[in-house]
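Number of protein chains: 4
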Amino acid sequence: MKVDLNSDLGESFGRYKLGLDEEVMKYITSANVACGWHAGDPLVMRKTVKLAKENNVQVGAHPGYPDLMGFGRRFMTLTREEARNYILYQIGALYAFTKAEGLILQHVKPHGALYNALVKDEELARGVLEGIADFDKRLIFVGLSTSKPLEMAEDMGLKVAHEVFADRAYNPDGTLVSRRLKGAVIHDKELIAERVISMVKDGGVKAINGEWVELKADTICVHGDNPKALEITAYIRKRLEEEGVKIVPIKEIVR
Amino acid sequence: MKVDLNSDLGESFGRYKLGLDEEVMKYITSANVACGWHAGDPLVMRKTVKLAKENNVQVGAHPGYPDLMGFGRRFMTLTREEARNYILYQIGALYAFTKAEGLILQHVKPHGALYNALVKDEELARGVLEGIADFDKRLIFVGLSTSKPLEMAEDMGLKVAHEVFADRAYNPDGTLVSRRLKGAVIHDKELIAERVISMVKDGGVKAINGEWVELKADTICVHGDNPKALEITAYIRKRLEEEGVKIVPIKEIVR
Amino acid sequence: MKVDLNSDLGESFGRYKLGLDEEVMKYITSANVACGWHAGDPLVMRKTVKLAKENNVQVGAHPGYPDLMGFGRRFMTLTREEARNYILYQIGALYAFTKAEGLILQHVKPHGALYNALVKDEELARGVLEGIADFDKRLIFVGLSTSKPLEMAEDMGLKVAHEVFADRAYNPDGTLVSRRLKGAVIHDKELIAERVISMVKDGGVKAINGEWVELKADTICVHGDNPKALEITAYIRKRLEEEGVKIVPIKEIVR
Amino acid sequence: MKVDLNSDLGESFGRYKLGLDEEVMKYITSANVACGWHAGDPLVMRKTVKLAKENNVQVGAHPGYPDLMGFGRRFMTLTREEARNYILYQIGALYAFTKAEGLILQHVKPHGALYNALVKDEELARGVLEGIADFDKRLIFVGLSTSKPLEMAEDMGLKVAHEVFADRAYNPDGTLVSRRLKGAVIHDKELIAERVISMVKDGGVKAINGEWVELKADTICVHGDNPKALEITAYIRKRLEEEGVKIVPIKEIVR
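Read top to bottom, the protein sequences are chains A, B, C and D. For the first sequence, the numbering used here gives the first residue as 7, with consecutive numbering after it. For the second sequence, the numbering used here gives the first residue as 7, with consecutive numbering after it. For the third sequence, the numbering used here gives the first residue as 7, with consecutive numbering after it. For the fourth sequence, the numbering used here gives the first residue as 7, with consecutive numbering after it.
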C-alpha cells in the first residue's frame, strides 16, 4: 500500500515570504511549485526547485489564474483556449527551472479557484488538460479524487493521480465542503490522521452528513504554512507509516 | 555568403494589437518572440509560434525586463541572479509553445533596454548568459555585433550570432547611436540596403562620424510594425539576394 | 428633451494604442476614462483628461477588474469589500488627473464584465456603490437603464444616470443580449439611429423577440474605436439633434 | 524643540503580510502609506488609513516605481513626464482612502529607489515635484535632509520636510551610505538614540569617516517590520521625550 504526500510550495513573491518550505519538504514526496501567476517569482521558483532536489522531492507545476492580488483564489471566466495556453505558459516556465537543476517535471496540479472550477466546467477542464498534453503526455495530472476531469484526462492519454485532502470535510458527492461553511476545515490532528488512513486503506471517508464517500487516494494534500500545519503533516506521515503505508512520489504510484 | 533576417514579433497583448506579424513573417528567417514580460501573452505566443511554423521561420525567445508599461525599453537595475532566473523563466515559457507546435527553439535575443544594458554591464551579461546556458547550451545567443557579451558567451560554450541593425546609425565603437540623437534612425530605403550589403559583404559600415566600423553580420534586425517598415524589409531581402547573399536561418550560419 | 452621449476612452496602455479618442471627443458630452486596471496608464489618463478639457467634455471614472490581459471583460468573483475598495482606488487615481487639469469629476461607470456583473449580484453592486459614496456622494453613478443597482444607488443618496446602448439588442427584461448570440450587435446606421430616437423620445425600444422594453435614456453609450463606429456616432448625434433632442452632459440631465 | 517620527506602512499585498503596522502606529506621528505600485493594495490601504486614524497618526502617500516584484528597490529610468504622472496617480489613489475616512492627506514621501534617485537626477526630481504640485500645493514633500530636491520643492512653492534616518550611516555629503557597504546600517539601540538626538538638537551627526555632517531633522524615519525594530523605535521616542523634544506630526513643524 502506497501513497504520495503533496504540498503547495514556492508561494513567496519578491520581498514577501510565505510558507515554511524548508521544513515541509522533509515530510512530503511531491512539491507543487507556483509558477509566478498567482504566487511565486523566478528567484523563488529556482530556490524551491533546488530545495526539492536536495530533499529528493519530486517537482510538479502548480499553475493558477493570473491574479496575484487574489492569490489565485478568485474564480475568473476563461475560455478553453485561454486556459490551454495559460497552463502551457506556466508549465514551460517551471520546466525551465527543473531542467536547469537536472530534474524531471513529474506532475501538474492546478491551483486554488482554478482547481475547483475544473470540476464543474468541462470546457475549462478540457483547456487545462490540452495545455498539459501539449507540453508532454507523460506529465501526471493531479485532480480532485473521483472527479470528472481525471476521467477526461485518461481518455486523452494522460496519466492521473486522485488527490484527497487531509484536513477538509467532504460532501457526499466527493466535492469539498466550501471553506465558507462551518466544519469545512478539520483541525484535530488525531481525526485528520484517522480520516487519511481511512481514505488510503478503506477507499473512502465519512462525508459531512455521515454518509460514506468512496474516494481514491493516490496523493494526499498536506500543508506547511505554519508550525501547527507542519506538526499535522509530520503526524500524518508517521501514522501512515505505522499502518504500513509506504510514502512514495506519485510517479511510483501512477504508471 | 549567407545571412539571417530576424524580427521582433508577438508583441501584441490581450486586446492590444501591435505589428504586422503575418506580413513580416514572409521575409524573415528568424522570429524573436516576446515572452509575456515586456509584451506578448500566452495566446499571442501560441499564435506567433504557429505563424512561424507555417512560414518555416525559426523561433527564438525574446525575453525582456518585467515592464509591460514601458515595453521593456526602460533600464532597470537587476542583480546577476535576477537576470539569470528572469531569462530562464521566459525561455521556458516560450519553449512550451515551440514544444507544443513541434518546433526546436533556435535562439535567445534579449529585448530593448536589457539588450543594450548587457553590452555595458558584465555582471548583468553573465546573469543573462547563465540563464540561457541553464536551459540549453545549444541555444544561440544573439547579441550586438562584436560586443563583449558575445565573447563571454563563447567562453561559456554557447553558440553566438552577431547582430547588425539595418536602419540604425553606429558609433565608431560599434554601439548604436542613441535614439534620442539626430540621425540615429535611417529612413532612406536605398541607403539602408547599401549599408546592409556593406555590413554583410565588406564586414563593416560607416559610423555616424564617417569612420569605418568593423562588424560581423550573422543576422540583420528588420522591422514589420508598419507598412513602410515592411516595404524596407522586403527591399533589403531583394537587394541582398540580388547580391548573391543567401537568406538562411541563424542555425545554418552559426554552427 | 435632452440626452448625454458617453464613450469609453483612454484605453491605450504604454506603447499600445486603442481608440480614436481625438475624433470621438468631438461628438460626445461625457468621457468614461479607464483607470489603469483593465486599460489605461497614468500618461494616457493625463492625455485623455486634457483632451476632454479641450473639447469641453465631462469626465467620469471607468473602473474595472484588475485584469489588463483580459481587458476587464472576464468575470471575477470579488467580495463586497474588494469591490468597494477597488472602485475607491480607481476613482481616486482618476480624480488626481481631473484635479490637476482643473476639472470636476462628473460620474462613475463600471467597465465591461464588472458593469454586467453588478446587475445580477446585489452584494457586488453594494460594494461598488459604497466605493463611489465613500469618495463623494455628488458623483453620478451610470448603470444599465432600469436595472436594480440604479435603484440601490438612489436609496443610498447617490445621483444616477440610466444608460442605454445604441448598437446593442435588448432582451425583454431590459438586459443586453449576450455578444455571443446572433443579432446581439446592430450594425445598420439607420436602424441604430431609429432605435436611439425611440429610446430617448418614446422611453423604450423593441426587444430581440419583438416585445416592447421600457427604458429610461439619460445617456447613450457610443463608440469611437474605428472609423465605422465614429461615423455611426456622428450620425446618431446628427439625427438626435434633428429630432430636437439636446445633447448635454449627464450633470445637466441628472440633478 | 519638535520632531516628527515617520514610518513606511501598508506594505502588505493580497495574502502577503509585511510589517507590524498595528504596533508601530503607537510610536509614530506620520505614516507613509504604500499606494499599490511597489507594495500595498486597496484593502491594505483602507485598513492602514483606518489604523492611522484610530491612532491619531497623520497620513502621507508613499509612491514608488511600478515594480512589485522588486519592492520598488530597483532603479528604473523614468522620464520627467512619467515620474510626474506616476506620482499623481498614486497620490490620487491614496487620497481616496483618506477622503473616505475623513482625513486630510499630509505629505508625500517617495519610496525606495525612487527616493534615492531623486537626489541625483534633477529631471526626475522635477517630475516628482510637479506630480505633487499638480495634486495640491499644500502637500508637504518629504525628502533626504539638505538634498537638492527640497530646495527645488520650495522654489516651486511646496512645503518641505527634511528627513533623517535613525539607523543609517551618512556620507560626509549628507547622502546615506549604500546598504551594500559595511557599517551602512546601525544596530545598536543606544548609538541610534544618541545619533538621533544629535541630529535633532545639534543639527548634525558624525559621518562614517568621522567628519561632521550638518543635517536638518524635521522628521525621523523609523521602522516597525520586526520586534527588534519596534523596540528601537519605542526607545528613540522615549529618549527624545526625555531630552525635552516634542514628538508631533510634520504639519506642526513645517508651516
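All residues carry an ideal CB built from backbone N, CA and C; glycine is no exception. Bear in mind that the values here come from a model prediction, so they are computed numbers and not experimental data.
Check: Contact criterion: CB-CB distance below 9 Å. Does glutamate 88 of chain B meet it with respect to chain A?; Outcome: yes
Check: List the DSSP bridge partners of histidine 113 of chain D.; Outcome: D/Gly66 and D/Ile146
Check: Closest to lysine 115 of chain B by C-alpha separation, out of B/Lys105, B/Leu109, B/Leu197 and B/Gln64, would be which residue?; Outcome: B/Gln64
Check: Since arginine 21 of chain B contacts phenylalanine 77 of chain C with CB under 8 Å, what's their CB separation in whole angstroms?; Outcome: 4 Å
Check: In the DSSP assignment, find the beta strand (DSSP E) that holds phenylalanine 171 of chain C and state where it starts and stops.; Outcome: 165-171
Check: Where do the N-terminal and C-terminal ends of the beta strand (DSSP E) with valine 39 of chain C fall, by residue?; Outcome: 36-40
Check: Just to confirm the assignment, what range does the alpha helix (DSSP H) spanning asparagine 4 of chain B have?; Outcome: Any property of residue 4 of chain B remains undetermined from this structure, which presents chain B solely from 7 to 261.
Check: Taking the straight line between their C-alpha atoms, what separation do you get for threonine 54 of chain C and asparagine 91 of chain D?; Outcome: 13 Å
Check: With 9 Å as the limit, tell me which residues of the stretch 9-35 of chain B have their beta carbon closer than that to any beta carbon of chain C; keep them in chain order.; Outcome: Glu17, Ser18, Phe19, Gly20, Arg21, Tyr22, Lys23 and Leu24
Check: Please determine, among C/Val260, C/Ser204 and C/Val251, the residue with the shortest C-alpha to C-alpha distance to methionine 7 of chain C.; Outcome: C/Val251
Check: Using the C-alpha atoms, what's the distance from threonine 83 of chain A back to alanine 119 of chain C?; Outcome: 10 Å
Check: So which of A/Asp73, A/Val50 and A/Lys59 has the shortest CA-CA distance to alanine 99 of chain A?; Outcome: A/Val50
Check: Check each candidate in D/Lys195, D/Asp142 and D/Lys154 and name the one with the smallest Cα separation from glycine 66 of chain D.; Outcome: D/Asp142
Check: On a Cα-Cα basis, can you pick out the residue from A/Tyr241, A/Gly133, A/Asp194 and A/His117 that is closest to tryptophan 43 of chain A?; Outcome: A/His117
Check: Does the contact criterion of 3 or more C-beta pairs under 8 Å hold for the stretch 169-188 of chain A versus the stretch 204-224 of chain A?; Outcome: yes
Check: Work out the CA separation of isoleucine 203 of chain D and glutamine 96 of chain A for me, nearest whole Å.; Outcome: 53 Å
Check: For chain D, check one thing: does any of its Cβ atoms lie closer than 9 Å to the Cβ of leucine 156 of chain C?; Outcome: no
Check: Would you mind telling me which residues of chain C sit closer than 8 Å to phenylalanine 81 of chain B, beta carbon to beta carbon, in chain order?; Outcome: Near phenylalanine 81 of chain B there are no residues of chain C at all, since even the closest Cβ is about 16 Å away, more than 8 Å.
Check: Under 8 Å, CB to CB, which of the residues in the stretch 62-78 of chain A have a partner in chain D?; Outcome: Leu74, Met75, Gly76 and Phe77
Check: Name the DSSP bridge partner or partners of leucine 182 of chain D?; Outcome: D/Tyr176
Check: Name the DSSP beta bridge partners of asparagine 232 of chain C, please?; Outcome: None, per the DSSP bridge assignment.
Check: Measuring only between beta-carbons, confirm whether aspartate 47 of chain A sits less than 9 Å from chain D.; Outcome: yes
Check: With 9 Å as the threshold, decide whether the Cβ of leucine 135 of chain B is near any Cβ in chain D.; Outcome: no
Check: What does leucine 84 of chain B reach in chain D if we use C-beta pairs closer than 8 Å?; Outcome: Arg80
Check: Using the Cα positions of valine 9 of chain B and glutamate 258 of chain A, report the straight-line distance between them to the nearest angstrom.; Outcome: 50 Å
Check: With three or more C-beta pairs closer than 8 Å as the rule, is the stretch 20-38 of chain A touching the stretch 231-245 of chain A?; Outcome: yes
Check: Select from the stretch 185-206 of chain D all residues with a C-beta closer than 8 Å to any C-beta belonging to chain C, and list them in chain order.; Outcome: none
Check: Measure the CB-CB distance between glycine 149 of chain A and valine 125 of chain A and report whether it falls below 9 Å.; Outcome: yes
Check: Taking C-alpha atoms, which residue in C/Leu109, C/Asp73 and C/Arg86 lies nearest to lysine 59 of chain C?; Outcome: C/Leu109
Check: Counting C-beta neighbours from all protein chains within 10 Å, is the total for lysine 244 of chain A 16 or more, i.e. buried, or is it exposed?; Outcome: exposed
Check: Can you tell me which of B/Glu87, B/Ile256 and B/Arg261 puts its alpha carbon nearest to the alpha carbon of serine 36 of chain B?; Outcome: B/Ile256
Check: To which residues of the same chain is tyrosine 121 of chain D closer than 8 Å at the C-beta, ignoring the five residues directly before and after it?; Outcome: Lys115, Gly149 and Leu150
Check: Can you give the Cα-Cα distance for glycine 137 of chain B and proline 69 of chain B, rounded to whole angstroms?; Outcome: 11 Å
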